[in-house]
Structures are given as structure tokens and as C-alpha cells.
Amino acid sequence: MVERIRTIAVVGTGTMGRGIAQVAAVSGYSVRMHDVSEVVLQRALAQIRETLEGQRQRGKIPADVVEAAMGRLFPTVDLAEAAAPADLVVEAVPEKLSLKQEIFRALDQLCSPTAILASNTSSLSIREIASVVSRPERVLGMHFFNPPHVMRLVEVIRHEGTSSEVVEDVLDVARRMGKEPIVVRDSPGFVTSRLGVALGLEAMRMLEQGIASAEDIDRAMELGYNHAMGPLRVSDLVGLDVRLHIAEYLYEKLRSEVFRPPDILRRLVAEGKLGKKSGQGFYKWD
Numbered sequence: 240m241v242e243r244i245r246t247i248a249v250v251g252t253g254t255m256g257r258g259i260a261q262v263a264a265v266s267g268y269s270v271r272m273h274d275v276s277e278v279v280l281q282r283a284l285a286q287i288r289e290t291l292e293g294q295r296q297r298g299k300i301p302a303d304v305v306e307a308a309m310g311r312l313f314p315t316v317d318l319a320e321a322a323a324p325a326d327l328v329v330e331a332v333p334e335k336l337s338l339k340q341e342i343f344r345a346l347d348q349l350c351s352p353t354a355i356l357a358s359n360t361s362s363l364s365i366r367e368i369a370s371v372v373s374r375p376e377r378v379l380g381m382h383f384f385n386p387p388h389v390m391r392l393v394e395v396i397r398h399e400g401t402s403s404e405v406v407e408d409v410l411d412v413a414r415r416m417g418k419e420p421i422v423v424r425d426s427p428g429f430v431t432s433r434l435g436v437a438l439g440l441e442a443m444r445m446l447e448q449g450i451a452s453a454e455d456i457d458r459a460m461e462l463g464y465n466h467a468m469g470p471l472r473v474s475d476l477v478g479l480d481v482r483l484h485i486a487e488y489l490y491e492k493l494r495s496e497v498f499r500p501p502d503i504l505r506r507l508v509a510e511g512k513l514g515k516k517s518g519q520g521f522y523k524w525d
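When we follow the working numbering, the leftmost residue of the sequence shown carries the number 240, and every step to the right adds one.
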């Protein structure tokens, strides 16, 4: 089989973007990292090295893998410089449809006609993202999970026009990265966000109603259902503002009371208590 993807561009180097870039580099791909400033890019590179060094110290990877991976990362503030050589572009900017469409319009002009354009969106319509490009058959979702170097799942989302060849190429990339991909039809929230948000919002309602403490609600799912982490702690890690945004989107699209954001979530976000990134959400974080 001919390997069609050798260079990957990652657009956006926040938590998910830099994690995806790290996994791609460790897997042997040449990686172009794009963001809005040199400061942001250098910070992302430093955080990637810190994560890799942590893995090395724990005996997960040898030192030569760390250096080889860092040598495959090429940061640039020039989107054209990142996109032009890429066989696959993974967009990892914030969850705003208009922003993602703006990025995809630009990529449509800058990338090779054979390049695959993927979004790391956790809930937005792939069809709507693909609607702004000239080759929508080469657009799909490639939803990684946080942290990308640990979590094994990649959700591959195809809209009704996505080429089967493109899907197979992206499945091959995910497997080379050591992931276990699933293929999902384009639908609001896909599989994981739809299920995860439903569980998280119900846990919030139970907390709001005084049924149990946050710790005990989480412990119930960890011990009773063998979840690695309870839904309230997961929400804190994802970011309560992100959870709220996704819940509002799913409620608007699906019109199900399951996805109506509870008052406790709206209140915490209004107070700036966004979870781990702000130091407090359902839990206090150091």
C-alpha cells in the first residue's frame, strides 16, 4: 500500500493542537505547527518537550525518541508555509463555526488539491465546515481526546460527501499514531460528545438537586461503571465554558431537554469558574 500522508499540518497550538502535533511527530510524521504568534508557538514547543521529557523520565519513551520527535516539529506563523507541503491538515482552533470556516476557506486556497482537510471539532457540523471549500469530498472530522498522547480513541466523522478513500487514509494515520479509530456519520455531537455531554449535564442536575456530592457522583461512575474519571471531573478538565457552548449547540440542533444547560453550569461559567484552567469548577484545582 502506498503511504499517501507524510507531512501533517496542525492549525492551532492550544491544548489539543499541540497534543496532536506531539503524537504526529512521535509517530514519524513531519509536522508543521501554525499559530498566530511566535510566542504562542514557542510556548507550545516548550510544553511538548516538557510532556515528552515527563514520558522519558517515567520510562515510557527513550531519549532518542524525544529528540527525533522535536526535530520533526516546524513552527510557523505563516499559514501558507504550514499548509502548502501538507498531505493532511488538522484544524484545532476554538469551537466556533465561523472561525473554522474562515480557516478552511484559507486552506482551500493554500493546500495541494490532494490534501485532506480535517477538523478536530467535538460537535460542530462537518458538512457546514466543508461547505466553504471547493473539494468537500476531502473534508472530514478527526476528533482526538485530551490528552492526545494518552487517550486511544480518535473519532473519524464523515459527512455525506466525504470520499471513502479519504476516510481510509485518515484511519491509517490514526492507527499509525497508535490510536483506535471509529467511523461516525456527521450528526450533532457525533457519538462521544453527545453521550458525554448528556452524562455530564445529568450529573450537574443531580448535584444541583442535592442528590449527592460531586465527589460521590463521580465515584459512583468510576466504581460502579468502571469509568476512568467521573463526569463532573471530566467537565472540569474539558472546561465548563466549552461544556456550556457544546450543550447550547446540541440543545439548539436536537431540541432535546437532555441537552438544556442546567443553571449550575451557567452560574459557574458566569462567575469565571471554568474548571481546571481557572483553578475552580466543580472541584478546586491547584
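Beta carbons are placed, not taken as given, at the ideal position from N, Cα and C, and that holds for glycine.
| Query | Result |
| --- | --- |
| Using a Cβ-Cβ cutoff of less than 7 Å, which residues in the same chain neighbour residue 367 once the five nearest sequence positions on both sides are dropped? | 336 |
| Go ahead and label residue 270 buried or exposed: buried means 16 or more other beta carbons lie within 10 angstroms of its beta carbon, across all protein chains shown. | buried |
| With a 10 Å radius around its C-beta and 16 neighbouring C-beta atoms as the bar for buried, classify residue 414 as buried or exposed. | exposed |
| Output the distance between the C-alpha atoms of residue 323 and residue 345, rounded to the nearest integer angstrom. | 11 Å |
| Can you check which of these residues, 306, 281, 340 and 243, is closest to residue 315 by C-alpha distance? | 281 |
| Using the Cα positions of residue 444 and residue 283, report the straight-line distance between them to the nearest angstrom. | 36 Å |
| For my contact list, residue 380 and residue 396 are in at a C-beta cut-off of 8 Å; report their separation, rounded to the angstrom. | 3 Å |
| Tell me the DSSP secondary structure of residue 474 in three-state form. | helix |
| Take residue 240 and list the residues in its own chain whose beta-carbon comes closer than 6 Å to its own, dropping the five residues that flank it on each side. | Unreliable positioning characterises residue 240 in this predicted model, as indicated by a pLDDT of 49, which lies under 50. The coordinate reading is nonetheless provided below. Excluding positions up to five away in sequence, the list is empty. |
| Determine the direct distance from the alpha carbon of residue 287 to that of residue 257, and round the result to whole angstroms. | 7 Å |
| Which value, in whole angstroms, describes the spacing of the CA atoms of residue 357 and residue 417? | 18 Å |
| For the region 245–306, list the beta strand (DSSP E) runs that are entirely contained and at least 3 residues long, ordered along the chain. | 246–250 and 269–273 |
| Take the Cβ of residue 401 as the centre, count every other Cβ of all protein chains shown within 10 Å, and call the residue buried at 16 or more, exposed below. | buried |
| Distance check for residue 259 and residue 520, CA to CA, integer angstroms please. | 26 Å |
| Bridge partners of residue 523, per DSSP? | 519 |
| Can you round the beta-carbon distance between residue 307 and residue 273 to whole angstroms, since I take them to be within the 8 Å contact cut? | Wrong, their Cβ atoms sit about 22 Å apart, outside the cutoff. |
| Using a Cβ distance threshold of 8 Å, determine whether the region 440–457 contacts the region 492–509, with at least three qualifying pairs required. | yes |
| Mind checking whether the beta-carbon of residue 478 lies closer than 7 Å to any heavy atom of the ligand COA? | This structure lacks the ligand COA, and indeed carries no ligand of any kind. |
| Sorted by chain position, which residues of the same chain lie with C-beta nearer than 8 Å to residue 489's C-beta, five sequence neighbours on each side aside? | 362, 427, 428, 432, 433, 436, 495 and 498 |
| Need the endpoints of the beta strand (DSSP E) that residue 313 sits in, please. | 312–315 |
| Does the distance from the C-beta atom of residue 376 to that of residue 409 stay below 8 Å? | no |
| Going by DSSP in three states, residue 456 sits in which element: helix, strand or coil? | helix |
| Mind checking whether residue 305 and residue 247 have CB atoms under 8 Å apart? | no |
| Using only the alpha-carbon positions, how far apart do residue 254 and residue 303 sit? | 24 Å |
| Under DSSP, the beta strand (DSSP E) around residue 382 begins and ends at which residues? | 378–382 |
| Under three-state DSSP, which class holds residue 514? | strand |
| Give, in chain order, every unbroken run of the beta strand (DSSP E) that is at least 3 residues long and sits entirely within the region 320–345. | 327–330 |
| Whose CA, out of 263, 412 and 251, lies closest to the CA of residue 334? | 251 |
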